[in-house]
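Let me begin by presenting the structure, written as structure tokens, before commenting on it.
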């Protein structure tokens, strides 16, 4: 199929890159790769992007590309300054033009959001929030955006009032791959709902730090199955993140798959009603709205 997009939307996170060939506000093709921003040197970004979207580009024609996420971080393609909360999640007129070698590209990068006290930053999630609010402009409450670094954002009046970042996903990866716990967690898949629920209660009750090594000890002394150990670890870390969490209104988890289900299950265990929205779709929708505002 010959794809000739009007423009291209790119959601470039720490771990993955997703691109959408767009005609107006609708995608006509999609590409993805594992070349996340955290694994790239500055000179690697353009080749990585071309590997994903090259088939959509035409000789002699400049295709506008609008990107969000860690591509605009200090260690990314080019740093896009932060906008300070409280503010609307996106400002179409504040994109940054990135330097490119390929004459077929014109790349603009969205700024992230920052918070002075307590100090915090986000990149990419603001675009998902913009896409979410386009469908629910009156939303008031909290959005949870799980990932390598989970975000909790307080929303009212179409603005991000404040937010917090939790290294839940990165801690799970470090503990399961690089700590002594790796010996008790490797080589399994699937979920153990009872072990996850037990972990949530431990984490939300303040016992995560003590409970971590217990996973290793129970594996040695009692034969704790690796699947149960992984599920309990996940529950402890998510429970610790949600300790004292109060959405102050509605609560939505922006995500999909097993991670979104895990957060919904943890919130349910803690008596907090919540629903989920697909974050990938919201990021694309947010990029489309910003693109329309810029008139690219």
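In our numbering, the protein residues as written are 867 to 1162. By construction, the Cβ of each residue, glycine as well, lies at the ideal position given by its N, Cα and C atoms. Nothing here was measured: the structure is a model prediction, and the numbers come from that model.
Reduced DSSP secondary structure (H/G/I, E/B, other) of residue i
i, result
"residue 911", "helix"
"residue 883", "strand"
"residue 1120", "strand"
"residue 1007", "strand"
"residue 1088", "helix"
"residue 876", "strand"
"residue 868", "coil"
"residue 896", "strand"
"residue 1161", "Unreliable placement is indicated for residue 1161, whose pLDDT of 37 sits below 50; the coordinate value is still reported in the next sentence. It is coil, neither helix nor strand."
Outcome for residue i when other beta-carbon atoms lying within 10 angstroms are tallied against a minimum of 16
i, result
"residue 928", "exposed"
"residue 967", "exposed"
"residue 989", "buried"
"residue 892", "exposed"
"residue 889", "exposed"
"residue 921", "exposed"
"residue 908", "exposed"
"residue 897", "buried"
"residue 1052", "exposed"
"residue 1039", "exposed"
"residue 946", "buried"
"residue 950", "exposed"
"residue 981", "buried"
"residue 871", "buried"
"residue 1086", "exposed"
"residue 1008", "buried"
"residue 965", "exposed"
"residue 1088", "exposed"
"residue 925", "exposed"
"residue 983", "exposed"
"residue 1145", "buried"
"residue 1050", "buried"
"residue 1004", "exposed"
"residue 1016", "buried"
"residue 1113", "buried"
Assumed close pair residue i, residue j - CB separation to whole angstroms, cut-off 8 Å
i, j, result
"residue 1199", "residue 1155", "What is shown of the chain runs 867 to 1162, which leaves residue 1199 out entirely."
"residue 1025", "residue 954", "6 Å"
"residue 1126", "residue 1108", "Rounded, the Cβ-Cβ distance is 14 Å, inconsistent with contact."
"residue 1021", "residue 1006", "7 Å"
"residue 957", "residue 995", "Rounded, the Cβ-Cβ distance is 13 Å, inconsistent with contact."
"residue 869", "residue 887", "5 Å"
"residue 1123", "residue 1101", "Not quite, the Cβ-Cβ distance comes to about 17 Å (not below 8 Å), so this is no contact."
"residue 1014", "residue 1035", "4 Å"
"residue 962", "residue 942", "Contact doesn't hold; Cβ gap of about 11 Å is too wide."
"residue 874", "residue 944", "The pair is not a contact, with the Cβ atoms about 17 Å apart (cut-off 8 Å)."
"residue 1027", "residue 952", "5 Å"
"residue 1093", "residue 1065", "About 13 Å separates the two Cβ atoms, so there is no contact after all."
"residue 930", "residue 972", "5 Å"
Item checked: contact_flag[the region 1147-1161, the region 919-934] where n(CB pairs < 8 Å) is 3 or more -> Between the region 1147-1161 and the region 919-934, the count of Cβ pairs shorter than 8 Å is three or higher; the stretches touch.
Runs of 3 residues minimum, wholly inside the region 1014-1071: which ones carry the beta strand (DSSP E) assignment? Within the region 1014-1071, the complete beta strand (DSSP E) runs of at least 3 residues are 1016-1022 and 1025-1032.
Query raised in the report: Below 8 Å, can you find three or more Cβ-Cβ pairs linking the region 1135-1146 to the region 1082-1098?
Result: When Cβ pairs closer than 8 Å are counted between the two stretches, the region 1135-1146 is seen not to touch the region 1082-1098, the count staying below three.
The region 971-978 in contact with the region 1068-1078 per 3-pair CB rule at 8 Å
Flag = no, the region 971-978 and the region 1068-1078 do not touch.
### Query
If you scan the region 921-1005 from start to end, which runs of the beta strand (DSSP E) of 3 or more residues do you find wholly inside it?
Taking 3 residues as the shortest admissible run, the region 921-1005 contains the following complete beta strand (DSSP E) segments, listed from N- to C-terminal end: 929-935, 971-975, 979-981 and 986-988.
ask   = Would you say the region 1078-1090 touches the region 1108-1122, given that touching needs at least three Cβ pairs under 8 Å?
value = No: fewer than three Cβ pairs fall under 8 Å.
Does the structure place the region 902-916 close enough to the region 870-889 that three or more beta carbon pairs sit under 8 Å? Judged by Cβ distances under 8 Å, the region 870-889 makes contact with the region 902-916, as three or more pairs qualify.
Q) Which whole runs of the beta strand (DSSP E) in the region 1094-1146 are 3 residues long or more, in chain order? A) Counting whole runs of 3 or more residues, the region 1094-1146 contains the beta strand (DSSP E) stretches 1116-1120 and 1141-1143.
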